[in-house]
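Structure first, then comments.
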Amino acid sequence: MCVADVMGAICQRCNEGASTILERVHRFWQRTKLTDKWKKGASMNRLKMSVVAVSALVAGALPLVAQTVRLGGGPSPHETINAKIGGQRGPMVMVVYGRPYAKAAVNNVPNTGAKRKVWGELVPYGKVWRAGSDEATLFITQQPLTFGTVEVPAGAYTLAMQPEADGTAKLIINKQIGQWGIPYNGEKTELGRIAMKKDAVDKEVEQFTIAIESKGTDTGVLKMIWENTQYSVEFKLKK
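Those letters in the sequence shown? Residues 43 to 281, by my numbering.
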């Protein structure tokens, strides 16, 4: 996986600010490609270095871009979150996503219209949802992970989820990146679907929120929270 390819997918709809990030990544990649250490048998190290570089550059620069650029031109703001699993020296997991509000947008201004019911209406049951807004939600991991029985190699993916009326839900991890979030047509490139846990939250959440928490030395929790509901799933560092 080329770093420039990943950043290109992230930044393809951004303006000059994001292009500057891409140029930095491209220069980094050109330097590493020409290093004598990149020889036969080093493909895994190259992949790890690629993901590390993407994670560091996205974490440092993309939030600044998102403040001035709406990646998809829609009314929802965008956010980059990350967490180090197992402590400050642990590998980083990152999510880049759009954050819609329960209140509709009026004249392209978010959170100014009528309040909408989220689960079952704004987010229909029984259908795949992009877990955000605008572009498909991006997920980057520096180290291989396991979500239940689904193995996720180090790299970049997109996330979606499918809630059901009976309270169950599945997290969907897809190998395709850079695509618009809807309509969902990624069945052939799915890495897997993982059952999520549903819980009620004490205080209603107006804006869709994704959180990543480190739990112990080798475990993390991915949470998706909106309205009065939280869906979550645990993952582990692959040993």
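All residues carry an ideal CB built from backbone N, CA and C; glycine is no exception.
Looking at residue i: is its Cβ nearer than 7 Å to the Cβ of residue j?
| i | j | result |
| --- | --- | --- |
| T188 | K278 | yes |
| A202 | I214 | yes |
Under the DSSP definition of a beta bridge, which residues are partnered with residue i?
| i | result |
| --- | --- |
| E232 | N216 |
| Q204 | K212 |
| M266 | I252 and Y273 |
| I123 | V137 |
In its own chain, which residues sit with a C-beta less than 8 Å from the C-beta of residue i, not counting the 5 before and 5 after it?
| i | result |
| --- | --- |
| Q272 | K240, D241, A242, V243, K265 and M266 |
| R158 | A144, K145, A146 and L164 |
| E232 | I214, I215, N216 and K217 |
Which residue wins for smallest C-alpha separation from residue i, given the options the options?
| i | options | result |
| --- | --- | --- |
| N216 | K230, E206 and D208 | K230 |
| D208 | G168, V275, T183 and T261 | G168 |
| G234 | K126, T154 and T200 | T200 |
Considering only residues of the same chain and omitting the five flanking positions on each side of residue i, which have a CB-CB separation below 6 Å?
| i | result |
| --- | --- |
| S61 | Note on S61: pLDDT 43, under 50, position unreliable in the model; the coordinate value appears next. Here the set comprises nothing. |
| Q249 | R141 and Y143 |
| K126 | G132 and M134 |
| T210 | none |
| N153 | Y143 and K145 |
Can you list, in chain order, the residues of its chain whose CB lies under 7 Å from that of residue i, leaving out five sequence neighbours each side?
| i | result |
| --- | --- |
| V247 | I267, W268 and E269 |
| K281 | none |
| E206 | Y167 and G168 |
* Could you tell me whether the stretch 218 to 227 touches the stretch 167 to 183, using the rule of 3 or more Cβ pairs below 8 Å? => The answer is yes - the stretch 167 to 183 touches the stretch 218 to 227, with three or more Cβ pairs under 8 Å.
* To do: Would you check if there are 3 or more beta carbon pairs closer than 8 Å linking the stretch 255 to 264 to the stretch 154 to 162?
  => In short, these stretches do not touch, since the Cβ pair count stays below three.
* Looking at C-beta atoms only, is the number of pairs between the stretch 135 to 142 and the stretch 118 to 125 that lie closer than 8 Å three or more? -> Yes, the stretch 135 to 142 touches the stretch 118 to 125.
* Is the number of C-beta pairs between the stretch 123 to 134 and the stretch 232 to 243 that are closer than 8 Å three or more? -> These segments do not touch.
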